[in-house]
Each structure stands twice: as structure tokens, then as C-alpha cells.
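Residue numbers (our numbering): 14 to 224.
Ideal Cβ positions, reconstructed from N, Cα and C, are used throughout, including at glycine.
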Amino acid sequence: MVNKKKQHKQEQFYKQAKKEGYRARSAYKLIDIQNRFNIFKRSFYILDLGCAPGSWLQVAKKYTEDNLTKYEDQFYHRDHYKIMGIDVNKVSPIENIYIIQKDLTLPEVQEQIESYFQNKLDLILSDASIKKIGNKFTDHIKQLNLCYDILRIVKKNLKYKGNVVIKAFQGSDFEKLAIEMKKIFRFLKSYKPASSKKKSNEIFLIGLHKK
Ligand SMILES: C[S@@+](CC[C@H](N)C(=O)[O-])C[C@H]1O[C@@H](n2cnc3c(N)ncnc32)[C@H](O)[C@@H]1O
């Protein structure tokens, strides 16, 4: 009965995504994170790592376009936005979004990020996931290694006071990653969105206000 309830909830997110034109139901994880932590506040330059099929890019574009008029004041503001998505898999084009089909850990990708954003990134998103083999511990460690690769990108490219969202898998070494991130951000939160499957050990680390 309980399982049926959970399955029903997941189906609801899937149907909602289809109805609202999102490419995946993961869109609601990011919307949930935004509602809770306001990560898109004054964000104009955004990088999305592990972006296929592109629902987070769709969400990012919506908030960023709103920001162009929402924050027209004397504080930090831009009259344009830049969004880049990176994935090893192909992503169907989205207007005004620069998509790169490559492994995010390649040095040439770092060069591309640097030349596109010039260290002015407001927000880095990562829903990147390793291919699970089914062994919880191995998967956890492999995912954390990917998170450390992403942290290197964050350290190099995210601007002062910038925000980040990184997907990790819970497990014995999770706390070490959190400690590492606490050194970089003034505030660190961990959060499991309502649309994230309960049986999955995924958890999002949200770093706010880069030091
Ligand atoms: C859960 S999906 C992302 C879904 C996406 N946020 C969306 O809403 O459409 C995870 C993605 O991470 C990508 N990925 C994992 N490791 C990667 C790497 N080293 N470089 C680039 N992409 C990677 C996978 O190819 C996969 O498409």
C-alpha cells in the first residue's frame, strides 16, 4: 500500500513534467531547491553540469529570464544571461543555451568554462550522476569522486558570493565532502527534495555565498 502511494507520487511528477513541457521530472527537484533556498536570486551566469536531457536547463532559463527584469536596481544586475550545459550525452538544443557534449572532467572543458564565463559564474548546478553498478558503497564512492571533480570546477570558476547545488549519494564518506564544502561556502545545507525517490540515497548539497 505504502509502495503504491510512493509510486503514485512519482507518476504524478512524471505526468506533471509532461504537461508542463519539462524534459524530465527532475525539474521539480530544482524548483523545490529554489523554493527553499532561493539559489537563483540575482543569478545571470549559470553552469549546469550533467545536464541531459535538459530539464534543469529549462528551469534555469525560466528563473534567469525573470531575473533580467526582477532585479533592475542599483545592486548587482545584468542585462543579459549566459547559461552553459555540459553532458557526455547529447542534449537537444535549447534557444540561447550553450550546450557542450563532453566529459566534464576533461581539462579542455575547464578551458571552455573559463573562456565563456571569465570567472563571473553566479551559480553552478550539478545533477551529474555516475552510472550505478548496484553496489551501494562503490556507487557512493564513485559519485563522491565525481563531486570532488565538480568542486574543483566550483573553486576555479564560481564568483565570490556565488551559490552551488551538487548531487551526492549518502554513505560513510558523505560527511568528508560536506566538511570540504564548508571551507568554501559560508552556508552549507543538505536537502532531499520531495520528488526524489525515497529509496534512492541521493542527496543535494547546497553551498550558499562562496567565501
Ligand atoms: C540525472 S541526469 C541529469 C538530469 C538533468 N538534471 C535534467 O534535469 O535533465 C545525470 C547526467 O549526468 C551525466 N554525467 C555523469 N557523469 C558525467 C561526466 N563526467 N561528464 C558529463 N556528464 C556526466 C550523465 O550523462 C547524465 O546525463
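Closer than 7 Å: residue i CB and nearest ligand 1 heavy atom
i	result
S39	yes
I52	no
A191	no
N132	no
I96	no
G34	no
L164	no
W66	Correcting the residue type first, residue 66 is Pro in the shown sequence and not Trp. Checking the Cβ of P66 against ligand 1 gives yes.
V167	no
S142	yes
Residue(s) in a DSSP beta bridge with residue i
i	result
Y204	F217
Q131	According to DSSP, which records beta bridges pairwise, Q131 is partnered with nothing at all.
K180	F217
Q114	D100
K95	Y58
K32	K32 is not bridged to any residue.
K223	F198
Enclosing beta strand (DSSP E) for residue i [first to last residue]
i	result
S139	L134 to S139
L62	Y58 to L62
Endpoints, the alpha helix (DSSP H) within which residue i is located
i	result
L159	K149 to N170
R49	A40 to F50
I192	F187 to I197
E78	S68 to K83
Inter-residue spacing [alpha-carbon to alpha-carbon] between residue i and residue j
i	j	result
I44	D186	27 Å
F217	P106	26 Å
I143	K202	22 Å
G175	F130	13 Å
Q120	I126	The displayed chain sequence assigns Pro, not Gln, to residue 120. About 10 Å.
K210	Q23	7 Å
K189	A141	19 Å
F50	V72	15 Å
P206	Y41	8 Å
S68	N48	17 Å
G63	R199	25 Å
E220	K195	Note that residue 220 is Gly in the sequence shown here, rather than Glu. Whole-angstrom Cα-Cα distance: 8 Å.
I112	K149	31 Å
E215	I96	25 Å
T151	G184	10 Å
H90	I59	14 Å
Within-8 Å CB hit, residue i to chain C
i	result
Y89	Given the protein chain composition of this structure (a single chain), no chain C is represented.
Segment contact flag, the stretch 155-162 with the stretch 85-98, C-beta cutoff 8 Å, min 3 pairs: no
Cβ contact (3+ pairs, closer than 8 Å) linking the stretch 33-40 and the stretch 120-137: no
Cβ pair count under 8 Å reaching 3, the stretch 112-119 against the stretch 72-79: Segments in contact, no.
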